[in-house]
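Undergrad: Here it is, the structure in full.
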Amino acid sequence: MRLHYKIGLTMLALPLTWLSAIATAADDDGAVEELPAGIAAKVGEISISHDDVLSRVYGSEKSKSDPAEQHVRSAYQYLMQAALLRCEAKALGIVVSDDDRKWATQKLIDESKREIAESTGNALPWGQYLREIGHTEESFYKVMYDESEVVVLAHLVLNYFKLTTESVTYSDVRLVRYEDALKIKEKLDAGEDFDRLALLNSVDRRQGVRVAFRHQGLPKQVEEMLFDTLEPKKYSGIITAGEGDYRIVMLKSRFKGESKTYQELKETIEKTFHEGGIRTPETFEQWVAVMYNTGKYAVRFRFPGETTKSTSTPARKDVK
155 MRLHYKIGLT
165 MLALPLTWLS
175 AIATAADDDG
185 AVEELPAGIA
195 AKVGEISISH
205 DDVLSRVYGS
215 EKSKSDPAEQ
225 HVRSAYQYLM
235 QAALLRCEAK
245 ALGIVVSDDD
255 RKWATQKLID
265 ESKREIAEST
275 GNALPWGQYL
285 REIGHTEESF
295 YKVMYDESEV
305 VVLAHLVLNY
315 FKLTTESVTY
325 SDVRLVRYED
335 ALKIKEKLDA
345 GEDFDRLALL
355 NSVDRRQGVR
365 VAFRHQGLPK
375 QVEEMLFDTL
385 EPKKYSGIIT
395 AGEGDYRIVM
405 LKSRFKGESK
415 TYQELKETIE
425 KTFHEGGIRT
435 PETFEQWVAV
445 MYNTGKYAVR
455 FRFPGETTKS
465 TSTPARKDVK
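Structure, rendered in structure tokens:
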């Protein structure tokens, strides 16, 4: 019984760029760097074997064929994200209830039905779809119930993360040429609307107000401008973020984050738990980046099919 990849497996896909960043941190001989003092107590160790990945790809079905590369990568990403979430949940004292898992299971099923209806123009009945992928209502429910733990953990961990982490909302104009950035700056100084200029001129397709967290990986100059320098409703000068990357940013708002434990914020988190959709890929990617950049966890792992190569996330010495 193969798992169907469109449903359930990609709800919080771990960014491949993050995996690549970790992979290149290993020495050629696969040595694992030592963790600095103060970090070792917070280490979350993860080991993903080739058998783990194949089990994820094929489920209970025995298969001698090698799965497609994208299926291996998808399964590996999922196993990594699940392990990271469980590490953080354990550290925070989060316990997932059966009621929450049942709620998430039904949300996953409802969303799956909606996706199939939209993609087929309601031409493929749900029962027929299940038969085509080798499932009954009961077996599909079990698969989604197994997935539900990660969905619930993601909601609880990410809601806590958003409440306790310093964040900003902002807009920006990104340009390739410095001369163009100068012209935009002149228009801003003359009183033209920032968001309108951003929409009409920015080379970045992701326009509108964004949310960012400290240490998520913004260019250093941009992060310092948003988190340490600008006042709300003010815009910056021209920031050289890289070659051919000139930015002007406007700070919309800044949130300092609450210095409270998960238990102290539990009621607030659970009150908002059932609101909105179940997929939060952007916030999850930001959370992973913060975990990586601050060195909160040293994530050691073995690549599928390899037994000697492992590495750990480097703890940044400039992060307090």
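Here the numbering used here is used: the first residue of the sequence shown is 155, the next is one more, and so on.
Using N, Cα and C, we set each Cβ at its ideal position, and we do this for glycine too.
Model, not experiment: these values are computed from the prediction.
Residues bridged to residue 405 by DSSP?
TA: Position 251 of the sequence shown, counted from the start, is the residue given in the question as residue 405. DSSP, once it has assigned bridges, lists 324 as partnering residue 405.
Undergrad: Grouping DSSP H, G and I as helix and E and B as strand, with all else coil, what is residue 399?
TA: One-based indexing of the sequence shown puts residue 399 at position 245. Residue state, collapsed to three classes: strand.
Undergrad: Does the beta-carbon of residue 330 have 16 or more other beta-carbons within 10 angstroms, so that it is buried, or is it exposed?
TA: Taking the first residue of the sequence shown as position 1, residue 330 is located at position 176. Classification of residue 330: exposed, given that the 10 Å Cβ count is below 16.
Undergrad: Tell me where the beta strand (DSSP E) around residue 365 begins and ends.
TA: Numbered from 1 along the sequence shown, position 211 holds the residue referred to as residue 365. DSSP places residue 365 inside the beta strand (DSSP E), whose first and last residues are 364 to 367.
Undergrad: Assign residue 332 to one of two classes, buried (16 or more other C-beta atoms within 10 Å of its C-beta) or exposed (fewer than that).
TA: Position 178 of the sequence shown, counted from the first residue, corresponds to residue 332. The residue is exposed, with fewer than 16 neighbouring Cβ atoms inside 10 Å.
Undergrad: Please report the distance separating the alpha-carbon of residue 230 from that of residue 237.
TA: In the sequence shown, residue 230 corresponds to position 76, counting from 1. In the sequence shown, residue 237 corresponds to position 83, counting from 1. Distance from the CA of residue 230 to the CA of residue 237, rounded to the nearest whole angstrom, comes to 11 Å.
Undergrad: Please report how far the alpha carbon of residue 282 lies from the alpha carbon of residue 295, in whole angstroms.
TA: Along the sequence shown, read from residue 1 onward, the residue named residue 282 stands at position 128. Along the sequence shown, read from residue 1 onward, the residue named residue 295 stands at position 141. Their Cα atoms are separated by approximately 16 Å.
Undergrad: Quickly, what does DSSP pair residue 451 with across the bridge? List them, please.
TA: For the purposes of this step, residue 451 is taken as the residue at position 297 of the sequence shown. Paired residue(s): none; residue 451 is not in a bridge.
Undergrad: Measuring CA to CA, which of 302, 447, 266, 413 is closest to residue 367?
TA: Mapped onto the sequence shown, residue 367 falls at position 213. That would be 447, whose Cα lies nearest to the Cα of residue 367.
Undergrad: Can we say the region 304 to 315 touches the region 233 to 249, given the rule of at least three CB pairs closer than 8 Å?
TA: Touching, yes.
Undergrad: Taking all protein chains shown into account, do 16 or more other C-beta atoms lie within 10 angstroms of the C-beta of residue 313, making it buried, or fewer, making it exposed?
TA: Within the sequence shown, the letter at position 159 stands for residue 313. Residue 313 is buried by the Cβ-count criterion.
Undergrad: What residue range does the alpha helix (DSSP H) around residue 282 cover?
TA: Reading the sequence shown from its first residue, position 128 is the one you call residue 282. Per DSSP, residue 282 belongs to the alpha helix (DSSP H) from 280 to 286.
Undergrad: Roughly how many angstroms lie between the CA atoms of residue 444 and residue 318, to the nearest whole one?
TA: Walking along the sequence shown from the start, residue 444 turns up at place 290. Walking along the sequence shown from the start, residue 318 turns up at place 164. Going by the C-alpha atoms only, they are around 13 Å apart.
Undergrad: To the nearest angstrom, report how far apart residue 286 and residue 235 are at their CA atoms.
TA: Residue mapping note: residue 286 aligns to position 132 of the sequence shown, counting from 1. Residue mapping note: residue 235 aligns to position 81 of the sequence shown, counting from 1. Linking residue 286 to residue 235 through their CA atoms gives a straight-line distance of about 29 Å.
Undergrad: What residues in its chain sit with their C-beta under 6 Å from that of residue 411, if we drop five residues either side in the sequence?
TA: On the sequence shown, position 257 is the one that residue 411 refers to. Once the five neighbours on either side are set aside, the close Cβ partners of residue 411 are 318, 319, 320.
Undergrad: Can you give me the Cβ contacts of residue 336 inside the same chain, cut-off strictly under 8 Å, excluding the 5 residues immediately before and after it?
TA: In the sequence shown, counting from the first residue as 1, residue 336 sits at position 182. Here the set comprises 392.
Undergrad: Around the Cβ of residue 301, are there at least 16 other Cβ atoms within 10 angstroms (buried) or fewer (exposed)?
TA: Against the sequence shown, residue 301 aligns to sequence position 147. Flag for residue 301 reads buried.
Undergrad: Does residue 417 pass the burial test, meaning 16 or more other C-beta atoms within 10 Å, or should it be called exposed?
TA: Looking up residue 417 in the sequence shown gives position 263. Exposed is the call here.
Undergrad: Please check the pair residue 250 and residue 303, which I expect to be a contact at CB under 8 Å, by giving their CB distance rounded to whole angstroms.
TA: The residue given as residue 250 occupies position 96 in the sequence shown. The residue given as residue 303 occupies position 149 in the sequence shown. Right, the Cβ-Cβ distance comes to about 6 Å (below 8 Å), so this counts as a contact.
Undergrad: Pull up the distance between the alpha-carbon of residue 408 and that of residue 272, whole angstroms please.
TA: By one-based count along the sequence shown, residue 408 stands at place 254. By one-based count along the sequence shown, residue 272 stands at place 118. The straight-line gap from Cα to Cα measures roughly 38 Å.
Undergrad: Among residues of its own chain, excluding the 5 on either side of residue 260, which ones have a beta-carbon nearer than 8 Å to its beta-carbon?
TA: Taking the sequence shown and counting its residues from 1, one reaches residue 260 at position 106. No residues qualify anywhere along the chain.
Undergrad: What are the partner residues of residue 394, as DSSP defines its beta bridges?
TA: For the purposes of this step, residue 394 is taken as the residue at position 240 of the sequence shown. Beta-bridge pairing links residue 394 to 400.
Undergrad: Under DSSP, the alpha helix (DSSP H) around residue 370 begins and ends at which residues?
TA: For the purposes of this step, residue 370 is taken as residue 216 along the sequence shown, with counting starting at 1. Counting along the chain, residue 370 falls outside any alpha helix (DSSP H), and DSSP gives it neither H nor E.
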